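Notes follow the structure.
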Amino acid sequence: DDVGFSIVVEEHRQIVQRLLHRGPRPRSGGIGRGEVLRRVPVDVGENMKRGVLIDLLDKYNKNDILEVLGNFPGSSKPYIYITDVISAMRLLEKKMREGFSYYNVATLDHVNVKEIADITTGMMGLKEVRYSYTGGDRGWKGDVPVVRLNSDKIRKLGWKSRYTSKEAIVRSISATYKG
């Protein structure tokens with residue numbers, strides 16, 4: 299949900315600021331636990347207010363045309379459901395050691411924007427929708443065309459995502475689209 303998303307974003311911002319300005323420091327006055335930086339691709343979940351899913355849901359017009367930002371087939375990256383991010387955070391909290399460490403938290407697969415558009419229009423019950431691509435290698439503001447994260451390190455600790463990227467997209471659309 300948005301609260302979980304906000305917590306993750308704020309946590310990342312605070313950790314990055316500490317590292318840039320002071321370097322890694324023990325938490326809570328040095329009680330023996332270290333700093334952990336978690337890098338997450340695109341997290342999705344219920345009650346989202348922005349992102350590719352919301353944009354696609356909002357942009358469909360009644361003329362069977364869906365405007366899609368960027369080039370065909372669009373950016374490609376892993377999408378992770380917010381509960382998978384939270385389970386990774388909880389595991390890392392238990393496993394944290396002294397010092398600083400980083401972990402990529404990601405699904406093993408990825409999807410592109412065209413696949414997301416196909417899933418979205420299918421779940422909306424739309425048939426024969428034409429996609430109108432706006433052009434450019436980056437669709438949305440701040441977009442990165444291709445993202446791949448190696449999550450082997452956190453997987454060795456016993457974490458795995460419950461949902462694939464496509465399952466995360468479907469769950470998010472189901473929770474967001476009110477048809």
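Numbering (this note's numbering), first residue to last: 299 to 477.
Heads up, the beta-carbon is just placed ideally off N, CA and C, and yes, glycines get one too.
A quick note: this is a predicted structure, and the numbers were derived from the prediction, not measured.
- Rounded to whole angstroms, what's the CA-CA distance from Ser-470 to Val-411? Just pull it up for me. The sequence position of residue 470 within the sequence shown is 172, counting from 1. The sequence position of residue 411 within the sequence shown is 113, counting from 1. Computed Cα separation, rounded: 15 Å.
- Task: Give every residue of the same chain whose Cβ lies closer than 6 Å to the Cβ of Val-427, excluding the five residues on either side of it in the sequence, and list them in chain order.
- Result: Here residue 427 is taken as the residue at index 129 of the sequence shown, counted from 1. If we look at Val-427 and ignore the five residues flanking it on each side, its Cβ neighbours are Asp-362, Leu-364 and Thr-419.
- Excluding the five sequence neighbours on either side, which residues of its own chain have a C-beta within less than 8 Å of the C-beta of Lys-248, listed in chain order? Residue 248 lies beyond the residue range present for the chain, which begins at 299 and ends at 477; the question has no answer from this structure.
- Query: Where are the beta strand (DSSP E) runs, 3 residues long or more, that stay fully inside the stretch 423–461, in chain order?
  - Reply: Every beta strand (DSSP E) stretch that sits fully inside the stretch 423–461 and reaches 3 residues is listed by chain position as 428–431.
- Item | Thr-474 and Met-346 closer than 8 Å at C-beta | Numbered from its first residue, the sequence shown carries residue 474 at position 176. Numbered from its first residue, the sequence shown carries residue 346 at position 48. Contact: yes.
- Which same chain residues, not among the five before or five after Tyr-358, have their C-beta less than 6 Å away from its C-beta? In the sequence shown, residue 358 corresponds to position 60, counting from 1. Correct list, in chain order: Leu-364.
- Query: Can you round the beta-carbon distance between Ser-463 and Val-409 to whole angstroms, since I take them to be within the 8 Å contact cut?
  - Reply: In the sequence shown, the residue the question calls residue 463 occupies position 165. In the sequence shown, the residue the question calls residue 409 occupies position 111. Confirmed, Cβ separation roughly 5 Å.
- Message: Spatial neighbours of Leu-351 within its chain, please: C-beta separation below 8 Å, excluding the five flanking residues on both sides.
- Response: For the purposes of this step, residue 351 is taken as the residue at position 53 of the sequence shown. Same-chain partners within the cutoff: Val-342, Ile-414, Thr-418, Ile-467, Ser-470, Ile-471 and Thr-474.
- Start-to-end residues for the alpha helix (DSSP H) that takes in Asp-382: Within the sequence shown, residue 382 is the residue found at index 84, counting from 1. Residue range 380–393 is occupied by the alpha helix (DSSP H) that includes Asp-382.
- Query: Between which two residues does the beta strand (DSSP E) containing Asp-341 stretch?
  - Reply: In the sequence shown, residue 341 corresponds to position 43, counting from 1. Boundaries of the beta strand (DSSP E) around Asp-341: 340–342.
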